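Read through the structure below, which is laid out as structure tokens, and then see the notes.
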């Protein structure tokens, strides 16, 4: 596995993947101008065991809530992509079907569709639906390094790969030693899914809950019996505390889900009813803001149309089966234009 990660071809592909959508930023332009030389240098450090991650650059974003993002330097992002290209296909096979974040062929639209299917099944078979909706409190900042390393060793046996992953984990650049991983790393997304796969397996195989969906640190369980879900909540919270050193946040609750009007299931950016789905108002607002920023960047020749299309396609895909679709089409009615220079 380690030999696949450090292959020159894999590192080159990783460099090109890491540069997508960011090609006009000065550090990345300098790296890509001499990409082969930089890749060989990175390859040597990895093979010799002298590679160490560099400090991250921290900044705040509000999407959809205030978060601290830790962005690694570009040469470290290349390493992260190289690791992900090799490890992710192997580990992904171990995940449950109903884990939807950062996985090929999954995503928010698929997660919302699955949740709606479970709501409909409960309504059809029992005439009522309750949802346990939960998310992990300060998830990325609460991941225990020892537990994460132990969990990774359930899936990976290659010692040199594990040593490399340990270096990335140990250099997470977080406030509390031994706890937390940076939100901005590609490897963190994989680590997060590996970590919460333990929860997935517990819910599906120990509790035997059929109607469970997880998207990163948000998860739901659908059932017709409110008391049953309250017991499930207690069992899950005990497992999280003991096995993963995590807790759910104060918004975690059990509530009835309406059929078409009233309280919907608010999950993965959608308000989900048995009959239809709507985009959250904050999701619509965030889309408008992102389109405005993309227009500005394109006008200033900071990005190409090829960088814009995947972002737009993602939002259109989310809205295509909701009542919000026409609003998003209106937002995109104005063409993207380059700024004219005298």
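Numbering (the numbering used here), first residue to last: 242 to 583. The C-beta atom is built at its ideal place from N, Cα and C for all residues, glycine as well. Computed from a predicted structure; not experimentally measured.
- Message: Using 8 angstroms as the cut-off, can you tell me whether the segment 471 to 491 makes contact with the segment 345 to 359, which would need three or more C-beta pairs spanning the two stretches below that distance?
- Response: no
- Query: Does DSSP put residue 486 in a helix, a strand or coil?
  - Reply: coil
- Query: For residue 349, which of helix, strand or coil comes out of DSSP?
  - Reply: helix
- Item | Same chain, Cβ closer than 8 angstroms to residue 424, five either side skipped, listed in chain order | 308, 309, 310, 311 and 381
- Query: With a CB to CB cut of under 7 angstroms and the five nearest residues on each side skipped, what residues in its chain are close to residue 470?
  - Reply: 371, 373, 462, 464 and 495
- Helix, strand or coil at residue 454 [DSSP, three-state]: strand
- Query: What residue does the beta strand (DSSP E) around residue 460 start on, and which one ends it?
  - Reply: 459 to 464
- Item | Exposure of residue 450, with buried meaning 16 or more beta-carbon neighbours within 10 Å | buried
- Item | For residue 452 and residue 359, the rounded distance between their alpha carbons | 6 angstroms
- Query: Exposed or buried, which one is residue 367 when buried takes at least 16 other CB atoms within 10 Å?
  - Reply: exposed
- Message: Cutting at 8 angstroms between CB atoms, please list the residues of its own chain near residue 245, excluding the five before and the five after it.
- Response: 251 and 327
- Should the segment 277 to 293 be called in touch with the segment 573 to 583, which here means at least 3 C-beta pairs below 8 angstroms? no
- Query: Beta-carbon separation of residue 313 and residue 335 under 9 angstroms?
  - Reply: no
- Closer than 6 angstroms by C-beta to residue 402: which residues in its own chain qualify, once you throw out the five before and the five after it? Chain order, please. 242 and 243
- Task: For residue 608, count neighbouring Cβ atoms within 10 angstroms of its own Cβ and tell me buried if that reaches 16, exposed if not.
- Result: What is shown of the chain runs 242 to 583, which leaves residue 608 out entirely.
- Message: So, for residue 438: in the same chain, excluding its five sequence neighbours on each side, which residues have a beta-carbon less than 6 angstroms away from its beta-carbon?
- Response: 336
- Query: Which residue or residues does DSSP assign as beta-bridge partners of residue 552?
  - Reply: DSSP output for residue 552 lists no bridge partner at all.
- Query: Which class does residue 574 belong to by DSSP, given the choice of helix, strand or coil?
  - Reply: coil
- Item | Straight-line gap, residue 357 to residue 296 (C-alpha atoms, nearest Å) | 42 angstroms
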